[in-house]
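First the structure, in the form of structure tokens, and then the observations on it.
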Amino acid sequence: MSEASYNEPSRDAYEDALPDGGTHKQDDDACQHALLEAKKLWSSVKISADTDPLSAYLNRLNHLEPLPSETQQELAVRYMENDDEEAAKLLVLTNLRLVVKLAKEYQRRKTDLLELIQQGNLGLSEALTRYDPYRGVKFTSYAQYWIRAMILNYLMNYTHPVRIGGSRAGRKLFYNLKKARRALMQNGHKPTASRVAQYLDVKEEEVVRVAAQLDAPPVYLDAEAPGHEDTTVGELMESETVSPESAAAEYDLASQIRAVIDEFGDGISDERKQAIWTERMIADDSKTLAELGDDWGVSKERIRQIEVGMREDFRAFLVERLGDDVKLEWLKSP
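The sequence shown: position 205 = 205 (full-length UniProt numbering), numbered continuously.
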């Protein structure tokens with residue numbers, strides 16, 4: 001990775017331009033000027049073409065110092081009372097380094113730090129819309145809870161193959177499972193699933209489910225299977241669909257049965273039996289006994305008797321051709 005090259009802007013240039021108690025119009029102009037200065041500092045950092053996105057982002061942040069809490073308070077008041085977008089943008093821009101600091105606390109193996117920073121930035125924006133500057137709490141103290149919440153929500157729901165936070169118990173376990181285990185061990189107890197469930201007031205099966213996902217790394221289906229070359233884990237998993245061998249065997253048997261059905265039908269010389277065979281016994285949209293009885297001027301009972309006899313004849317014909325292992329559900333008497 002190559003190092004980025006910089007211009008050397010003054011880090012506090014935008015801070016010097018901030019409002020200091022002038023008139024409302026002067027404050028508006030000063031705040032807008034401070035935002036422009038901050039944007040200049042951001043864009044003035046020269047990044048080489050081969051610098052990775054994370055390094056480029058962090059290099060730019062190095063030139064944006066956080067503002068004093070009193071100044072942040074003033075900007076928050078301006079945003080709340082006057083819907084001052086420049087004040088809001090400046091407040092967010094100068095707190096991006098706080099997001100990076102918190103995101104690094106949650107970085108895990110195979111977790112993209114940029115993804116965590118992005119989620120934290122969403123939390124920072126959410127904090128700005130909800131912050132009440134008159135409650136006596138610093139903006140950074142309030143914002144960190146929203147930043148952490150968005151990062152944890154991402155880790156809980158989007159970094160595991162199976163969604164953990166789909167239930168209240170799942171979210172509770174995601175946040176508190178490790179704490180509960182430590183508390184039980186400090187009290188001399190083995191942190192079994194049943195004890196953790198009792199400690200956190202959740203179902204034991206929820207503890208087992210969430211613990212299985214948090215304790216073991218996920219298995220990737222496209223990863224190379226242990227002890228196999230050029231074979232993935234997914235390729236070794238048993239499929240729930242019919243295997244190619246079974247499908248081929250079923251197709252071959254179906255073809256043989258179709259051939260026997262055609263051969264039996266071709267051998268029927270009686271027109272009435274031929275109609276019963278083609279229009280009722282093997283038809284997709286078969287006629288009823290009453291309809292065939294009307295067609296041939298006999299009762300539906302007579303048609304049923306002829307059909308039963310034909311089923312027996314075909315059963316014997318099928319056994320003769322393919323053996324007695326072949327069973328067809330529709331050969332059973334109606």
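Heads up, the beta-carbon is just placed ideally off N, CA and C, and yes, glycines get one too.
Check                                                                                                                           : Outcome
Endpoints, the alpha helix (DSSP H) within which T129 is located                                                                : 113-130
Nearest neighbour of L200, chosen from A183, N187, I257, V298 [CA to CA]                                                        : A183
Simplified DSSP state of T71, which is helix, strand or coil                                                                    : helix
Endpoints, alpha helix (DSSP H) assigned at N95                                                                                 : Here N95 belongs to no alpha helix (DSSP H), and DSSP marks it neither H nor E.
Cβ-based neighbour list, E279, same chain, cut-off 8 Å, excluding 5 preceding and 5 following                                   : S286, K287, L292
Through-space distance from L102 to A211, alpha-carbon basis                                                                    : 24 Å
Anticipated Cβ contact below 8 Å, A149 with G123, distance rounded                                                              : 6 Å
Proximity below 9 Å, CB of Y57 to CB of L93                                                                                     : no
Proximity to V298 [Cα-Cα], best of K273, D313, A283                                                                             : K273
Nearest-angstrom Cα separation, counted from N82 out to Q26                                                                     : With a pLDDT of 49 at Q26, under the threshold of 50, the modelled position of that residue is not reliable, and the figure given next carries that caveat. Rounded to whole angstroms, Q26 to N82 spans 14 Å at the Cα level.
DSSP state of E81 mapped onto helix, strand, coil                                                                               : helix
One or two residues paired with E301 in a DSSP bridge                                                                           : Per DSSP, none; premise fails for E301.
Per-residue DSSP class, three states only, for G21                                                                              : Since pLDDT at G21 reaches only 47, below the 50 mark, its modelled position is unreliable, and the value read off the structure follows with that caveat. Residue state, collapsed to three classes: coil.
Extent of the continuous alpha helix (DSSP H) run through K273                                                                  : 271-276
9 Å Cβ cutoff met for L91 and F139                                                                                              : yes
At least 3 beta-carbon pairs within less than 8 Å: the stretch 220-238 vs the stretch 253-273                                   : no
Straight-line gap, E205 to R311 (C-alpha atoms, nearest Å)                                                                      : 54 Å
Under 9 Å between C-beta atoms of L173 and V207                                                                                 : yes
Secondary structure of E229, DSSP reduced to three states                                                                       : coil
Element boundaries [alpha helix (DSSP H), containing I261]                                                                      : 244-266
Contacts around Y154, its chain only, beta-carbon distance under 6 Å, and the 5 residues preceding and following it disregarded : Q119
Nonlocal neighbours in the same chain, by C-beta distance under 7 Å from T23, ignoring five residues either side                : Caution applies to T23, whose pLDDT of 47 falls short of 50 and renders its modelled position unreliable; the value that the coordinates give is listed next. Cβ within range, chain order: n/a, list empty.
Distance CB(residue 335)-CB(F264) smaller than 9 Å                                                                              : Because residue 335 is not part of the residues shown, which for the chain are 1 to 334, the question remains open.
Bounding residues of the alpha helix (DSSP H) (the contiguous stretch that carries E224)                                        : Unbroken run through E224: none, as it is neither H nor E.
Cutoff 8 Å; reference A197; Cβ partners in own chain excluding five residues on either side                                     : K203, E204, E206, V207
Separation of E320 from D294, as counted between CA atoms                                                                       : 34 Å
Cβ neighbours of I117 in the same chain (closer than 7 Å, five flanking residues each side left out)                            : V99, V100, A103
R78 versus D84 - alpha carbon distance                                                                                          : 6 Å
Proximal residues to N121 (C-beta, below 6 Å), its chain only, five neighbours per side dropped                                 : V99
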